[in-house]
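This report refers to the structure that appears directly beneath it.
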Amino acid sequence: MPFDIRQLRHAIAAADCRSFHRASEALNIKRSTLSRSIFRLEERLGATLFIRTTSGVSTTRVGREFVREARRIVSKVDQLAASMRAAGQGRVGDLSIGYNVPVSAGNLHTTLLSWRESNPNVEICAVEAQRLDLVNGLKERAVDIAILPGEASYSEIKRAAFWSERLLVAMAADYPLAAYPSVQWSDLRDETFWLTANDPGPEIHDMLLGHLSAFGIRPKIKMQPVSRESIMNMLGAGIGVTITCEGAAGLQYPNIVLREVRASHGPCLIAYSGYWHEDNSNPALKNFLAFVCNRFALTFCLP
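Have a look at this one:
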C-alpha cells in the first residue's frame, strides 16, 4: 500500500530518538501527529514497527529492516531533490559557449575561469567558430551563448553589452615601433596590416578603416586566407603588423611582441557583447548571465 516520504522520515526519527516525544521535537511537529503518522504506516504495511513502552519506543525486527531501507530511500530522494534544484538553478548541467577571438587572456579568459570555479558541476563546451556559424548555432540551440566583438543585431537573438578590451598591435621584436611601450594610430600610417580573412579579421579591417580615416590615412591592408597563428608567425620576418585583441596577450610567438594601441583619450578599446536565443531555457545560461551581470556590474534582462 502507498505511503509518503514524510512517514518514512517520522519512522527514522522515532528509531533514532527512541521516543515519539523526542522525535516530534526534533522534527518540530506535534507528538500526536508523529504518533498518528507511524500508526497509519504500520496499518498500511500490516506490520508493527515499534514496541511502545512508558519509557519510549524500540524497533521490532521488522521495524529495524524497514528503517534501514527507509534511510536508503530518503537519502536517494534527498539527493534527487538537491540535484533537481541545482539543475533548475543552473548549477549543474552543461553550457555551450561560442567565441571567435583568442581567449588566452582578457575578460573572457578570466570570466570562464571564475565561472568554472564557482560552478564546477556545469560542464563547459567551448566552440570556436566564425560569427555566422555561431549565430546559426544559437538559433539551432547548438550554442547557448556567443561572446563576440561588436554590437551586431540578429533576428531571434538577444544581445547585451558585456565588456571592453584593449586593442593591441603585434609586430616583430626588432621592428622600429617595438621600441615604444605603446603606439598611436598616427604611428601606423605607413604600416602594412596583415589580417586573416577569417573572423575577426573582417571586423578588424572595418575598424582600421574607421580609425585611420580620421587621420586622412588609407591603410594598406592585406587579407590572407590563413589562421591568426599563421599571420603571427609571418610577422616575425618583419613584413608588417597586425591588430589583435587583449585575449591574445597570453600567447607567445617567436620574435613577436604586442604593444597597446592608444588614442587621444587613452587606450583604444573594442566592445564585446553576449548573444543568446530569445527562447533558450537552459538554466545554466541564465545562471551564467547573472554571473556576468554581477561580475561586471551590468544590468540587462535575463532569459
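Throughout the sequence shown, residue numbering follows our numbering, covering 12 to 314 in sequence.
C-beta: ideal position from N, C-alpha, C; glycine also.
Query	Result
Pull up the distance between the alpha-carbon of S46 and that of G74, whole angstroms please.	15 Å
Within the same chain, show all residues whose beta-carbon is closer than 8 Å to that of L269, passing over the 5 residues directly before and after it, in chain order.	L179, V180, A181, T255, A259, A260
Between L199 and G221, what straight-line distance do the alpha-carbon atoms span, to the nearest angstrom?	14 Å
So, V138 versus G109, is the Cβ gap smaller than 8 Å?	yes
Can you list, in chain order, the residues of its chain whose CB lies under 7 Å from that of R127, leaving out five sequence neighbours each side?	I135
In terms of DSSP beta bridges, what is A183 paired with?	I267
Roughly how many angstroms lie between the CA atoms of L177 and E271, to the nearest whole one?	Note that residue 177 corresponds to Arg in the displayed sequence, not to Leu. If you take the alpha carbons of R177 and E271, they lie about 7 Å apart.
Where G67 and E80 are concerned, what is the direct C-alpha to C-alpha distance, given to the nearest angstrom?	22 Å
Identify every residue that forms a DSSP beta bridge with P211.	The partner list for P211 (beta bridge, DSSP) is empty, contrary to what the question assumes.
Return the chain-ordered list of same chain residues with a C-beta closer than 7 Å to the C-beta of D144, the five sequence neighbours on each side being excluded.	none
So is P160 buried or exposed if we call it buried at 16+ other beta carbons inside 10 Å?	buried
Measuring only the C-alpha atoms, how far is G148 from S164?	15 Å
Out of A301, A25, D89, A308, state which residue places its alpha-carbon closest to the alpha-carbon of I156.	A301
Assuming A22 and L52 are in contact, meaning their beta carbons sit under 8 Å apart, how far apart are those beta carbons, in whole angstroms?	6 Å
State buried or exposed for I16, treating a residue as buried only when at least 16 other CB atoms are found within 10 Å of its CB.	exposed
Contact between the segment 284-297 and the segment 183-190: three or more CB pairs below 8 Å?	no
Enumerate in chain order the residues of its own chain whose CB-to-CB distance from E257 is below 7 Å, with the five nearest sequence positions on each side excluded.	A116, G117, E176, R177, L179
Would you give the residue range spanned by the alpha helix (DSSP H) that A163 belongs to?	No alpha helix (DSSP H) contains A163, which DSSP labels as neither H nor E.
Buried or exposed for N39, going by 16 or more other Cβ atoms inside 10 Å?	exposed
Any chance you could list the beta strand (DSSP E) runs of at least 3 consecutive residues sitting entirely within the segment 110-151, in chain order?	133-139
Could you check which residue in A308, F14, K87 has the C-alpha nearest to that of E54?	F14
Report buried or exposed for D201, applying the criterion of at least 16 other Cβ atoms within 10 angstroms of its Cβ.	exposed
DSSP three-state call for I228: helix, strand or coil?	coil
Between F31 and R42, how many whole angstroms is the CB-CB distance? I'm expecting something under 8 Å.	6 Å
Please work out which residues of its chain come closer than 8 Å, Cβ to Cβ, to R306, disregarding the five sequence neighbours upstream and downstream, and give them in chain order.	T122, S125
Near R82, what residues of its chain come up, given a Cβ to Cβ distance below 8 Å and the 5 sequence neighbours on each side ignored?	I23
By Cβ distance, which residues of its chain are closer than 7 Å to R152, with the 5 residues on each side in sequence left out?	H288, N291
The alpha helix (DSSP H) spanning T44 covers which residue range?	42-56
Sort T65, L60, T64 by Cα distance to R72 and report the nearest one.	L60
Helix, strand or coil: which one does DSSP assign to E176?	strand
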